[in-house]
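Report on the following structure.
Numbering (this note's numbering), first residue to last: 86 to 360.
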């Protein structure tokens with residue numbers, strides 16, 4: 086089940102994505118899909134339809150969640166990416182934070198900061214947390230997942246190299262595009278259930294594929310990451326955990342459009358501008 090956060094005016098609402106062709110990863114102006122409007126916030130209530138239906142091509146999708154607390158980033162969780170960054174994969178996950186002010190949704194501009202001259206895309210699988218998680222085992226951590234979405238961990242690479250911490254490189258405004266919706270795994274039916282341990286992750290710049298990997302190559306699995314993070318600090322409902330990026334990261338420039346995709350969830354894009 087895919088749940089989108091959207092607007093048709095000033096009010097933000099949630100809806101189940103229905104009728105989207107299986108080969109359509111991202112909504113478009115010609116999309117035949119529709120949104121079955123929900124009551125309330127699916128983070129806190131069981132999804133219940135109001136009966137209202139909104140054509141997908143008449144809705145403006147926004148970030149599927151605005152974390153109430155934080156976005157947790159994970160560094161070097163793919164060995165090939167660690168190698169391209171000039172190092173080895175660490176034994177334990179590298180953890181960093183992005184504030185919720187970094188989050189934007191589909192089609193919102195990524196604003197390159199004026200203090201950086203080398204900003205990179207990083208396509209990633211992202212996990213949305215539904216319950217309070219503290220000191221969890223991997224098994225308990227898996228039960229705390231609401232669903233999955235797609236992220237672009239936009240990074241000021243020059244600052245990441247030169248600063249003593251990753252805060253400036255990773256936490257600037259617009260550095261965490263999320264979209265296009267949350268995929269909530271269901272028992273296999275007419276279509277296979279989404280498998281976060283075997284999903285293709287991809288990035289495109291101006292329509293050209295520039296990055297592609299598979300979550301099967303992650304060093305630490307989703308449950309392992311959540312369990313590890315929960316031993317450091319408490320995860321709250323609505324928090325988002327990024328899971329690291331595969332090899333193939335690269336620079337983006339003003340005037341380009343960068344798209345990120347996780348097969349089985351969907352894709353979305355953002356224009357790039359400079360402040």
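All C-beta atoms, glycine included, are put in the ideal place defined by N, C-alpha and C.
*Return the chain-ordered ranges of every beta strand (DSSP E) run that is complete within the segment 261-345 and spans a minimum of 3 residues.*
261-268, 285-290, 293-299, 325-327, 335-337
*Can you give the Cα-Cα distance for residue 358 and residue 222, rounded to whole angstroms?*
Reading the chain shown from its first residue, position 273 is the one you call residue 358. Reading the chain shown from its first residue, position 137 is the one you call residue 222. C-alpha separation (whole angstroms): 42 Å.
*When we look at the beta-carbon of residue 290 and count the other beta-carbons within 10 Å, is it buried (16 or more) or exposed?*
The residue given as residue 290 occupies position 205 in the chain shown. Buried, by the Cβ-count rule.
_Cβ-based neighbour list, residue 338, same chain, cut-off 7 Å, excluding 5 preceding and 5 following_ = Walking along the chain shown from the start, residue 338 turns up at place 253. Hits under 7 Å: 357.
*Considering residue 89, what are the terminal residues of the beta strand (DSSP E) in which it resides?*
In the chain shown, counting from the first residue as 1, residue 89 sits at position 4. Its beta strand (DSSP E) spans residues 87-92.
*asked:* On a Cα-Cα basis, can you pick out the residue from 217, 265, 166 that is closest to residue 129?
replied: Position 44 of the chain shown holds residue 129. The shortest C-alpha separation from residue 129 is found at 217.
*Strand pairing of residue 119, partner residues [DSSP]*: Along the chain shown, read from residue 1 onward, the residue named residue 119 stands at position 34. Residue 119 pairs with 103, 140.
_According to DSSP, simplified to helix, strand and coil, what is residue 186?_
Stepping through the chain shown from its first residue, residue 186 is reached at position 101. Here residue 186 sits in helix by DSSP.
*What's the call for residue 136, buried or exposed, on a 16-neighbour Cβ count within 10 Å?*
Stepping through the chain shown from its first residue, residue 136 is reached at position 51. Result: exposed.
_DSSP state of residue 254 mapped onto helix, strand, coil_ = On the chain shown, residue 254 is found 169 positions in, with the first residue counted as 1. Helix at residue 254.
*What are the boundary residues of the beta strand (DSSP E) that includes residue 359?*
Locating residue 359 in the chain shown gives position 274, counting from the first residue. Run containing residue 359: 351-359, per the beta strand (DSSP E) assignment.
*Report buried or exposed for residue 238, applying the criterion of at least 16 other Cβ atoms within 10 angstroms of its Cβ.*
The residue given as residue 238 occupies position 153 in the chain shown. Its Cβ being crowded by 16 or more others within 10 Å, residue 238 is buried.
*In three-state DSSP terms, what is residue 246?*
Within the chain shown, residue 246 is the residue found at index 161, counting from 1. Residue state, collapsed to three classes: helix.
_Residue of 329, 347, 350, 355 minimising C-alpha distance to residue 174_ = The sequence position of residue 174 within the chain shown is 89, counting from 1. Closest by alpha carbon: 329.
*Among 280, 145, 255, which residue has its Cα nearest to the Cα of residue 94?*
As a position in the chain shown, residue 94 is number 9, starting the count at 1. The shortest Cα separation from residue 94 among 280, 145, 255 belongs to 145.
*asked:* When you compare the CB positions of residue 90 and residue 198, do they come within less than 8 Å of one another, or not?
replied: Walking along the chain shown from the start, residue 90 turns up at place 5. Walking along the chain shown from the start, residue 198 turns up at place 113. In this structure, residue 198 does not lie closer than 8 Å to residue 90 by Cβ.
_Using only the alpha-carbon positions, how far apart do residue 180 and residue 304 sit?_
In the chain shown, the residue the question calls residue 180 occupies position 95. In the chain shown, the residue the question calls residue 304 occupies position 219. Residue 180 and residue 304: Cα-Cα distance of roughly 14 Å.
_Counted within 10 angstroms of its Cβ, other Cβ atoms place residue 159 as buried (16 or more) or exposed_ = Numbered from 1 along the chain shown, position 74 holds the residue referred to as residue 159. Looking at its Cβ environment, which holds 16 or more other Cβ atoms inside 10 Å, residue 159 is buried.
*Looking at residue 141 and residue 121, is the spacing between their C-beta atoms short of 8 Å?*
Position 36 of the chain shown, counted from the first residue, corresponds to residue 121. Position 56 of the chain shown, counted from the first residue, corresponds to residue 141. Not closer than 8 Å, so no.
*Going by alpha carbons, who is nearest to residue 311 out of 324, 300, 86?*
Taking the chain shown and counting its residues from 1, one reaches residue 311 at position 226. For the residues 324, 300, 86, the minimum Cα distance to residue 311 belongs to 324.
_Helix, strand or coil for residue 209? Go by DSSP, reduced to three states._
Here the question's residue 209 lines up with position 124 in the chain shown. Strand at residue 209.
*Rounded Cβ spacing between residue 189 and residue 259 (contact assumed at less than 8 Å)*: Translated into positions along the chain shown, residue 189 becomes position 104. Translated into positions along the chain shown, residue 259 becomes position 174. Between residue 259 and residue 189 the Cβ distance is about 5 Å, and since that is below 8 Å, they are a contact.
*Under the rule that 16 or more other beta-carbon atoms within 10 Å means buried, what is residue 134, buried or exposed?*
In the chain shown, the residue the question calls residue 134 occupies position 49. Its Cβ having fewer than 16 others within 10 Å, residue 134 is exposed.
*Residue interval of the alpha helix (DSSP H) (run including residue 228)*: Position 143 of the chain shown, counting from 1, holds the residue named residue 228. Element bounds for residue 228: 223-228.
_Inter-residue Cα distance where the pair is residue 117 and residue 244_ = Within the chain shown, numbered from 1, the residue matching residue 117 stands at position 32. Within the chain shown, numbered from 1, the residue matching residue 244 stands at position 159. Rounded to the nearest angstrom, the two C-alpha atoms are 43 Å apart.
*Hey, out of 155, 251, 327, whose CA is closest to residue 319's CA?*
Along the chain shown, one-based indexing puts residue 319 at 234. For residue 319, the nearest C-alpha among the options comes from 155.
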